[in-house]
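J.: Those protein sequences? They're chains A and B, same order as listed. Going by this note's numbering, the first sequence opens with residue 1448, and the numbers climb by one from there. Going by this note's numbering, the second sequence opens with residue 179, and the numbers climb by one from there. Idealized CB from N, CA, C, for every residue including glycine.
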Amino acid sequence: MKFLLLIIDFILIFWAVIYTAQIKINTKRILAYVLIIPCPTTLIYLWVGQWQGITILIVSSCIYFWGLSKSFLTLIHICFVIIIGVLTDNITQYVIASPHDFILGAIEQYCIFAILFTINIIIYQLATRKIYKLFGKTKGPYLLILFVAFITMSTFYINIYLTDYLSEENLLTFNIITQVTYFAIMIFVLYLTSKNIKKENNFQKVKFENAQFTDYMHSLELINNDMQKFRHDHGNILCTMQGYIDTDDFEGLKKYFKKHIYSVEEGTLKKNKQLANLSKLQITGIKGLILTKTLQAEKGGISVNIEVPDVIDEINMNIIDIARILGIFLDNAIEANNQVEFQKEIDIAFFKSVSNPLIIIIENPLVEESIDIEQIFAEGFSTKGINRGKGLSNVKNILTSYPNVTLNTNVTSGLFTQIIVIE
Amino acid sequence: MKVVICEDNPYQQEMIYTRLRNYAMINHPGVEFVLVASGADEVLKFMETNNADCFFLDIELGGGSNGLQLAAEIRKKDLLANIIFVTDYSEGLKLTFKYKIAALDYILKQTDDDFPDKLIGALESSIQRYKQIGVTQTVNFFQVKIGELIKNIPYENIYYFETSANIHKIILYEKNGIYEFYGKLKDIEHIQPTFFRCHKSFVINLQYVVQIDKKKKYVELVNGTKCPISIRALRNVQSKINNFNEININFLGTNSF
Chain A
1448 MKFLLLIIDF ILIFWAVIYT AQIKINTKRI LAYVLIIPCP TTLIYLWVGQ WQGITILIVS
1508 SCIYFWGLSK SFLTLIHICF VIIIGVLTDN ITQYVIASPH DFILGAIEQY CIFAILFTIN
1568 IIIYQLATRK IYKLFGKTKG PYLLILFVAF ITMSTFYINI YLTDYLSEEN LLTFNIITQV
1628 TYFAIMIFVL YLTSKNIKKE NNFQKVKFEN AQFTDYMHSL ELINNDMQKF RHDHGNILCT
1688 MQGYIDTDDF EGLKKYFKKH IYSVEEGTLK KNKQLANLSK LQITGIKGLI LTKTLQAEKG
1748 GISVNIEVPD VIDEINMNII DIARILGIFL DNAIEANNQV EFQKEIDIAF FKSVSNPLII
1808 IIENPLVEES IDIEQIFAEG FSTKGINRGK GLSNVKNILT SYPNVTLNTN VTSGLFTQII
1868 VIE
Chain B
179 MKVVICEDNP YQQEMIYTRL RNYAMINHPG VEFVLVASGA DEVLKFMETN NADCFFLDIE
239 LGGGSNGLQL AAEIRKKDLL ANIIFVTDYS EGLKLTFKYK IAALDYILKQ TDDDFPDKLI
299 GALESSIQRY KQIGVTQTVN FFQVKIGELI KNIPYENIYY FETSANIHKI ILYEKNGIYE
359 FYGKLKDIEH IQPTFFRCHK SFVINLQYVV QIDKKKKYVE LVNGTKCPIS IRALRNVQSK
419 INNFNEININ FLGTNSF
């Protein structure tokens, strides 16, 4: 009888592992399984002792399935199969222990166990398949999960079997030791995970800054090209002016200067001025964003005025978050200006207030006489098109995780002003 | 009122001083010009032992100092001083003037023709503000500080206050804007008789309530916002409203008070 149950056990474990690990089987493999795992385990289980048998079972299973698949994932599955086995065993005990009108025999008990075990394994397989796919080929997460699963499994078994050999006093000490060890190990795993997440965040930040930096370089190049063109024409311009001077034609010189030099170069000089204004803003990511958006706005005939009177080298916010917010605000400002007939204008200011918080202001004219300010922050709201309001509700979302930041929005005499105060 | 002028160009310094003094002598004899300086250091030194109420500052001061920094120093010492910038910039730093310094005004030197008029206009409004400081007026504004600028929001423009998802932050919704500041609703609910704490995290202005739904437990304001109302507040709201005859609220729902 005991022997039969053991055989069912082995069949269940074999099925569970090949099902979860998706290993193909043939007769040879089944034979090898019987030789490597059930035979030695049964011998030791029956003649030496229970926990020695279990140890052999785990070790031989690991060796056998590792040989078949050569992947950490399979080892993880073995650990989970065994953990599920222990859990299911306990659940079965509980089900049987609850009061019934009839008493269950050993075979019925075993049937309940087998059914529950099968169901649990299928649930496990379905639930984790997608998660494991996510990791791809990187070894790190597999090792970590294997570690956690192995420790958990060992703790389970130590708790179940080794405790039989201990006296009551020793049991208490033993429990404390296992529990503290387990807890310490989990803390360690938590530490590893958080370190990983930090690394990932940092990577995102660097990636973002690189992208902004590339944009910035591109904008610089554009401005530089204009300057180059100016220098190239320099000789010609001087010669022409010389001609006017030689003939004392000051009216002509005046006209020439106004028409061909000043008006053409005004734009270039202005761009250069923007660049100079931005020099005190020393956060590359934000600087790149502002410059890119400024050039974009000026292309649409909007004059952009940037004020950075203080050196800004630190923002008490995640750079990606503040960049997203500013991007949304500037896009909205550009769009609002597109509906304005004259005096297309965006004013941007970064400064440290006298009492020290950093203040960022974006101001633009607005056509709509009365705009419901509360509404524009609601999800999906827009005065024109669908996408505009969406941005603002995003801003609100981002800011919920910053207790040190306040956002003030108002409309006064046709000017829409957004003020971000970062403590 | 004590006036300080700081301008590094001697010609312009003389011009500003003469214009303002001549105007003040005739119209406002109480105005006293306590310092005419040509650099920031002079003004700061003067401020160590004296004080003044009105400052005309040039932005581009020679000798490496900057009128903006000087203004920030003055603002640190005196929150109420009137600061007026005199500048060459055409586009300038208007947001910075307004929000960092809370400057009263800024005047462009380039607009030659009406430059003297603008100077006098600025002095005039500075005098008006100086006079008001002493007068204890009945305050009808809610004040929100943004940078150095204090925004006065008339009580009658306020729709409601709400506590934000972040602790200690309160969001104020009014006709023309939304403002966030640090504070407690407890300190706000009693400053104005029409304010009513309808919920743990809401204070509404009863003036703007259009209807109250007793079943679904919300208050609808004139701008369409629906604020939740607690059962306790539902009991009190009627008597509170009866105090204001002009307020007309539509009650929905069947259960009576």
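May I ask you to report which of helix, strand or coil DSSP gives A281(B)?
T.: A281(B): coil per DSSP, three-state reduction.
J.: Using DSSP with H/G/I as helix, E/B as strand and the rest coil, what is V400(B)?
T.: In this structure, V400(B) counts as coil in the three-state DSSP scheme.
J.: Do you know how far the Cα of K1791(A) is from the Cα of G1748(A)?
T.: Rounded to the nearest angstrom, the two C-alpha atoms are 7 Å apart.
J.: Helix or strand or just coil, what does DSSP make of T1625(A)?
T.: Helix at T1625(A).
J.: Verify the CB distance criterion: does V1506(A) have a CB-CB separation below 8 Å to chain B?
T.: No, V1506(A) lies away from the interface with chain B (no Cβ there is under 8 Å from its Cβ).
J.: Spell out whether any CB of chain B is found under 8 Å from the CB atom of I1869(A).
T.: For I1869(A), the answer is no, since every Cβ of chain B falls outside 8 Å of its Cβ.
J.: Where DSSP assigns a beta bridge to R375(B), which residues make up the other side?
T.: In DSSP, R375(B) forms a bridge with V381(B).
J.: Would you kindly report the start and end of the unbroken beta strand (DSSP E) that includes L327(B)?
T.: From DSSP, the beta strand (DSSP E) with L327(B) extends over 327-332.
J.: List the residues of chain A that E334(B) touches, going by C-beta distances under 9 Å, in chain order.
T.: By Cβ distance, chain A contributes nothing, its closest Cβ being about 16 Å from E334(B), past 9 Å.
J.: On a Cα-Cα basis, can you pick out the residue from L350(B), F380(B), I324(B) that is closest to P332(B)?
T.: Ranking L350(B), F380(B), I324(B) by Cα distance to P332(B) puts L350(B) first.
J.: Return helix, strand or coil for F319(B), following the three-state DSSP convention.
T.: If DSSP states are grouped into helix, strand and coil, F319(B) belongs with the strands.
J.: Exposed or buried, which one is C184(B) when buried takes at least 16 other CB atoms within 10 Å?
T.: It is buried - the Cβ of C184(B) has at least 16 other Cβ atoms within 10 Å.
J.: Please go through the same chain and pick out, in chain order, the residues whose beta-carbon is closer than 8 Å to the beta-carbon of E220(B), but skip the five residues on each side of it.
T.: Here the set comprises C184, L213.
J.: Give the secondary structure of K1740(A) by DSSP, where H, G and I count as helix, E and B as strand, and everything else as coil.
T.: DSSP places K1740(A) in helix when its eight states are reduced to three.
J.: Could you compute how far the alpha carbon of N1844(A) sits from the alpha carbon of S1508(A)?
T.: When rounded, the distance between both Cα atoms is 50 Å.
J.: Give the residues of chain B in contact with A1596(A), contact being defined as C-beta atoms less than 8 Å apart.
T.: Under the 8 Å cutoff, chain B gives no residues; its nearest Cβ is about 38 Å from A1596(A).
J.: Going by alpha carbons, who is nearest to F224(B) out of F319(B), L248(B), L297(B)?
T.: It is L248(B).
J.: Going residue by residue through the segment 1501-1583 of chain A, where are the continuous alpha helix (DSSP H) segments of at least 4 residues, counting only ones entirely within it?
T.: Counting whole runs of 4 or more residues, the segment 1501-1583 of chain A contains the alpha helix (DSSP H) stretches 1519-1544, 1553-1582.
J.: Taking G1500(A) as the reference, give the member of K1475(A), F1457(A), I1465(A) with the closest Cα.
T.: Ranking K1475(A), F1457(A), I1465(A) by Cα distance to G1500(A) puts F1457(A) first.
J.: Anything in the segment 1749-1774 of chain A with a Cβ closer than 7 Å to a Cβ of chain B? List those residues in chain order, please.
T.: Going along the segment 1749-1774 of chain A in chain order, one finds N1752, E1754, P1756 with a Cβ nearer than 7 Å to chain B.
J.: Compare the C-beta of L198(B) with all C-beta atoms of chain A and state if any pair is closer than 8 Å.
T.: No, L198(B) does not count as interfacial toward chain A.
J.: Just the Cα atoms here: how many angstroms apart are Q1651(A) and I1733(A)?
T.: Roughly 15 Å separates the two Cα atoms.
J.: On a CA-only basis, which of L363(B), E326(B), S417(B) is nearest T341(B)? Give me that one, please.
T.: Cα-wise, what sits closest to T341(B) is L363(B).
J.: Am I right that I1781(A) and Q1743(A) are in contact with their C-beta atoms under 8 Å? What's the rounded C-beta distance?
T.: Their Cβ separation, rounded to whole angstroms, is 7 Å, which keeps I1781(A) and Q1743(A) in contact under 8 Å.
J.: Which chain B residues are close to N1857(A), counting only those with a beta carbon under 7 Å from its beta carbon?
T.: The contacting residues are N354, G355.
J.: The beta strand (DSSP E) spanning Q1786(A) covers which residue range?
T.: Element bounds for Q1786(A): n/a, residue is neither H nor E.
J.: State buried or exposed for A1468(A), treating a residue as buried only when at least 16 other CB atoms are found within 10 Å of its CB.
T.: It is buried - the Cβ of A1468(A) has at least 16 other Cβ atoms within 10 Å.
J.: Would you identify the three-state DSSP class for A343(B), choosing helix, strand or coil?
T.: Three-state result, A343(B): coil.
J.: Name the residues in the segment 275-302 of chain B whose C-beta lies less than 7 Å from a C-beta of chain A; which are they?
T.: Answer in chain order: Y277, K278.
J.: Would you list, in chain order, the members of the segment 182-208 of chain B that have their beta-carbon closer than 7 Å to a beta-carbon of chain A?
T.: From the segment 182-208 of chain B, no residue has a Cβ closer than 7 Å to chain A.
J.: Would the segment 224-239 of chain B count as touching the segment 301-310 of chain B if we require 3 or more Cβ pairs under 8 Å?
T.: The segment 224-239 of chain B is in contact with the segment 301-310 of chain B.
J.: Around the Cβ of C1526(A), are there at least 16 other Cβ atoms within 10 angstroms (buried) or fewer (exposed)?
T.: Flag for C1526(A) reads buried.
J.: In chain A, which residues lie less than 8 Å from L363(B) when you measure between Cβ atoms?
T.: What L363(B) touches in chain A: nothing, since even the nearest Cβ is about 16 Å away.
J.: Closer than 8 Å, CB to CB, is G1827(A) near chain B or not?
T.: Note that G1827(A) scores 47 on pLDDT, short of 50, meaning its location in the model is unreliable; the coordinates nonetheless yield the value given after this. So no, G1827(A) is outside the interface.
J.: Taking D1536(A) as the query, report the chain C residues whose CB atoms sit under 9 Å from its CB, ordered along the chain.
T.: Going by chain labels, chain C is absent from the structure shown, which instead holds the protein chains A and B.
J.: Does the Cβ-Cβ distance between P406(B) and H368(B) come in under 8 Å?
T.: Not in contact: P406(B) and H368(B) (Cβ atoms no closer than 8 Å).
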